[in-house]
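Numbering (this note's numbering), first residue to last: 138 to 580.
Written below as structure tokens is the structure these notes are about.
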Amino acid sequence: MLIIGNGRMITRDAAAPFFADGAVAIDGQLIVKIGTASKLIELYPQADFIDAKGGVIMPAFINTHEHIYSAMARGLSVNGYSPKGFLDILDGMWWNIDRHLTLEQTRQSARATYIECIKNGVTTVFDHHASYGEIEGSLFAIEDAAKEMGVRSCLCYEVSDRDGKEKAVRAVKENEAFIKHTLADGTDMISGMMGLHASFTLSDETLALCAASKPAEVGYHIHVAEGIEDLHHCLKHYGKRIIDRLMDNGILGPKTITAHCIYVNSHEMELLKETDTMVVHNPESNMGNACGCPPTMEIVHRGILTGLGTDGYTHDMIESYKVANILHKHHLCDATAAWGEVPQMLFEGNAKIAARYFKKPLGVLKEGAAADVIVMDYDPYTPFDETNCNGHILFGMTGRNVVTTVCSGRVLMKGRELVGIDEEKVMADIREESAKLWKSING
Ligand SMILES: [Zn+2]
138 MLIIGNGRMI TRDAAAPFFA DGAVAIDGQL IVKIGTASKL IELYPQADFI
188 DAKGGVIMPA FINTHEHIYS AMARGLSVNG YSPKGFLDIL DGMWWNIDRH
238 LTLEQTRQSA RATYIECIKN GVTTVFDHHA SYGEIEGSLF AIEDAAKEMG
288 VRSCLCYEVS DRDGKEKAVR AVKENEAFIK HTLADGTDMI SGMMGLHASF
338 TLSDETLALC AASKPAEVGY HIHVAEGIED LHHCLKHYGK RIIDRLMDNG
388 ILGPKTITAH CIYVNSHEME LLKETDTMVV HNPESNMGNA CGCPPTMEIV
438 HRGILTGLGT DGYTHDMIES YKVANILHKH HLCDATAAWG EVPQMLFEGN
488 AKIAARYFKK PLGVLKEGAA ADVIVMDYDP YTPFDETNCN GHILFGMTGR
538 NVVTTVCSGR VLMKGRELVG IDEEKVMADI REESAKLWKS ING
């Protein structure tokens, strides 16, 4: 047993949202009790104790849209790369990387990403993977890294016709094999979805193959209207808007994640709501690619289940949270916008999205929830409780405040040291493979 205590504790459980001197007791993979530190120590005198040292104890973060394959792009300069717009960025940078990724480089990209997740207190990741260099086994290679690092993951391979029909079919089969594998897994630590790149690189024929190959228990994870080009392509080739096309192909539904949704209109939002489809907002990525600002506030107001992701841009959910907060204020010319919606997306939306793929409650500290807990070394100099903690997180914290990360009862990081992982050795392995990848890209 393990007790984490001696800190201000935010639980995200309405029944007991805040403890000034809180503690959480963990047995195996579950939280068995929350309360004051003295009470829990009295109840479980034999338990190991992690001292939060007056910091903040809270549920670990969930990231609902991530890209492991982009890990080795950091600092990379591609020869001859001079993008004129979003499609050039995709083709010249991201698809270029994924076309060169070997299985080993995929595995090392996953290790790199998971280490950053742990350091930023993220213990559940919904990843969207592509490695057209080596397709078969890539999701299994990521799963190996997820198990090694101890991060809960929902994985998919992004099916696309961009590299030809034959590779698209192989990508569908990778999803199919991995989904079947995860459905037979009882750990509640790994899950799978049918990944789709985006409407403009997917033919109706390929979508039909995906539908025929997808077990009914899971949904799709797809980029929707990230660039205006995706919408124009859909109107030109199919005579309809993207969400209508997805509806007609049976892709929408409560198990499906649509990332971005920048160019969606009122009618499309109605369809998302009617089908209970999930939306994930990725503010930094949208700004960085100059793709536009999605109508996320309206999407949230319409009651569509909306989460917050990073799209590989960062692994720090608080960074994404800060940017979402200012993006929508700026875009709507309304300083009162986004105060409630963005915390709702990060702290409630992401937990509800995770609940559609994992059994144990996540994103909450309560009896029976998954033991996913973080400690932040944050010492507020103004009053702090459940009524204003989101303001403290927004203006006072970053992911680098995380000192301890626990996932499913396993201590992954303690006192900013990874537990059971030789970080120096892992980093050396990652650097070796990233150098090889860069060489294969630039010659
Ligand atoms: Zn993405």
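Quick reminder that beta carbons are idealized off the backbone N, C-alpha and C, glycines included.
Cβ atoms of residue j and residue i: under 8 Å apart, would you say?
{"i": "residue 501", "j": "residue 192", "result": "no"}
{"i": "residue 252", "j": "residue 574", "result": "no"}
{"i": "residue 262", "j": "residue 203", "result": "yes"}
{"i": "residue 509", "j": "residue 543", "result": "yes"}
{"i": "residue 406", "j": "residue 441", "result": "yes"}
{"i": "residue 360", "j": "residue 396", "result": "yes"}
{"i": "residue 147", "j": "residue 177", "result": "no"}
{"i": "residue 167", "j": "residue 546", "result": "yes"}
{"i": "residue 266", "j": "residue 357", "result": "no"}
{"i": "residue 491", "j": "residue 475", "result": "no"}
{"i": "residue 158", "j": "residue 184", "result": "no"}
{"i": "residue 164", "j": "residue 138", "result": "yes"}
On a Cα-Cα basis, can you pick out the residue from the options that is closest to residue i?
{"i": "residue 213", "options": "278, 229, 224", "result": "229"}
{"i": "residue 435", "options": "322, 451, 428, 400", "result": "400"}
{"i": "residue 189", "options": "165, 167, 166, 161", "result": "161"}
{"i": "residue 353", "options": "396, 317, 167, 373", "result": "317"}
{"i": "residue 208", "options": "151, 181, 450", "result": "450"}
{"i": "residue 334", "options": "269, 428, 349, 144", "result": "269"}
{"i": "residue 590", "options": "572, 551, 330", "result": "Absent from the structure is residue 590, since the part of the chain shown begins at 138 and ends at 580."}
{"i": "residue 413", "options": "443, 398, 427, 320", "result": "443"}
{"i": "residue 332", "options": "144, 432, 388", "result": "388"}
{"i": "residue 198", "options": "218, 565, 488", "result": "488"}
{"i": "residue 453", "options": "535, 293, 312", "result": "535"}
{"i": "residue 567", "options": "248, 284, 260", "result": "248"}
{"i": "residue 152", "options": "491, 523, 386", "result": "523"}
{"i": "residue 264", "options": "408, 201, 325, 322", "result": "201"}
{"i": "residue 409", "options": "423, 426, 383", "result": "383"}
In terms of DSSP beta bridges, what is residue i paired with?
{"i": "residue 108", "result": "Past the edges of the chain, shown from 138 to 580, lies residue 108, and the structure says nothing about it."}
{"i": "residue 397", "result": "361"}
{"i": "residue 535", "result": "Bridge partners of residue 535: none, in fact."}
{"i": "residue 416", "result": "395, 443"}
Here's the rule: buried if 16 or more other CB atoms are within 10 angstroms of the residue's CB, otherwise exposed. What is residue i?
{"i": "residue 145", "result": "buried"}
{"i": "residue 525", "result": "exposed"}
{"i": "residue 518", "result": "exposed"}
{"i": "residue 391", "result": "exposed"}
{"i": "residue 92", "result": "This structure cannot settle anything about residue 92, because the visible part of the chain is limited to 138 through 580."}
{"i": "residue 324", "result": "exposed"}
{"i": "residue 521", "result": "buried"}
{"i": "residue 473", "result": "exposed"}
Looking at C-beta atoms only, is the number of pairs between the segment 472 to 484 and the segment 280 to 290 that lie closer than 8 Å three or more? At 8 Å Cβ cutoff, the stretches do not touch.
Below 8 Å, can you find three or more Cβ-Cβ pairs linking the segment 453 to 470 to the segment 273 to 280? no
Looking at C-beta atoms only, is the number of pairs between the segment 400 to 410 and the segment 343 to 360 that lie closer than 8 Å three or more? no
Three or more C-beta pairs closer than 8 Å, one from the segment 206 to 225 and one from the segment 234 to 243: is that the case here? yes
Taking one C-beta from the segment 237 to 247 and one from the segment 371 to 390 each time, how about it: are there three or more such pairs within less than 8 Å? no
Taking contact to mean 3 or more Cβ pairs, one atom from each stretch, closer than 8 Å, check whether the segment 414 to 423 and the segment 379 to 398 are in contact. yes
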